[in-house]
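Number 98 in numbering that gives the first Met the number 0 belongs to position 99 of the sequence shown; there are no gaps in the numbering. Cβ coordinates follow ideal geometry from the N, Cα and C atoms, glycine included. Note that the coordinates shown come from a computational prediction; the quantities given were computed from them, not determined experimentally.
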Amino acid sequence: MNIKPNRRVPLAAAALLAGALLLTACGSGGGHDAHNAAPAATAATPAVSGKAYNAADVAFAQGMIPHHRQALEMAELATTRAASPEVKQLAAAIRAAQDPEIATMSGWLTGWGEQVPQPGAAGAHAGHGGVAGMMTEAELASLKDATGAAFDTAFLKLMVAHHTGAVEMAKAEQGKGGYAPAKELAGAVISGQSAEIEQMNKLLR
């Protein structure tokens, strides 16, 4: 008796082999997609966790550090030249708030590999009266020469302008910055210095 070859067996094996190859291809494709998705999630993490920073954050820190330093210089003058206890108390509050903020912002810049403004450097706002509220050298010299009630009036007027500039810088940081701690510090500057502006205007009246 002649036995005819069963052609269904090779066909079935071929079908199984093709299915296995298809599953393998799908499996490796899925792994490739998952692998590609991982970097995107990792890249988004810094922004979510507040670790990301941008050029606005750097500009804020580099501008605010010399701005704060000038405020500290003005506040230091008040300790020996002011006549009003309220002015002396205000100057002490300015020193207590802004000195630690300088250290904080300097730490950020160092961590980012950016330049920290050196003490004595007035920054981009130096010598331009009215820009960000920074005093000119002539205004600072005039304040140093004043004492008593004359000093109090000059100090309050100049510090109102100085604080107003800081608030403007802080609002710009909140609008354009990307580093959450810097935006939080900017919020503290806005609330704290706005309250001090109101206090100083009352003293001037």
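Looking at C-alpha atoms only, which residue of the options is the closest neighbour of residue i?
i             : options                        : result
leucine 71    : Val115, Gln61, Glu197, His162  : His162
leucine 139   : Met73, Asp56, Ala51            : Met73
valine 57     : Met199, Gly177, Ile196, Gln198 : Gly177
glutamate 167 : Ala145, Leu157, Thr152, Gly132 : Gly132
serine 83     : Gly147, Gly186, Trp107, Pro99  : Gly147
Apply the 10 Å Cβ neighbour rule to residue i and answer buried if 16 or more other Cβ atoms are within range, or exposed otherwise.
i             : result
arginine 68   : buried
lysine 201    : exposed
glutamate 172 : buried
arginine 204  : exposed
glycine 62    : buried
Kindly give me the distance between the Cβ atoms of residue i and residue j, rounded to whole angstroms, as I take these residues to be in contact under 8 Å.
i              : j             : result
valine 188     : alanine 160   : Actually they do not touch by this definition, with Cβ atoms about 15 Å apart.
alanine 165    : glutamine 192 : 5 Å
asparagine 199 : leucine 155   : It should be pointed out that residue 199 corresponds to methionine in this sequence rather than to asparagine. Indeed they touch by this definition, with Cβ atoms about 5 Å apart.
alanine 60     : alanine 181   : 7 Å
Consult DSSP for residue i and reduce its assignment to one of helix, strand or coil.
i             : result
alanine 81    : strand
alanine 74    : helix
glutamate 100 : helix
alanine 91    : helix
glycine 119   : coil
Mind pulling the alpha helix (DSSP H) runs of 4 or more residues that sit fully within the segment 147–199? Scanning the segment 147–199 for uninterrupted alpha helix (DSSP H) segments of 4 residues or longer gives 147–175, listed from N- to C-terminal end.
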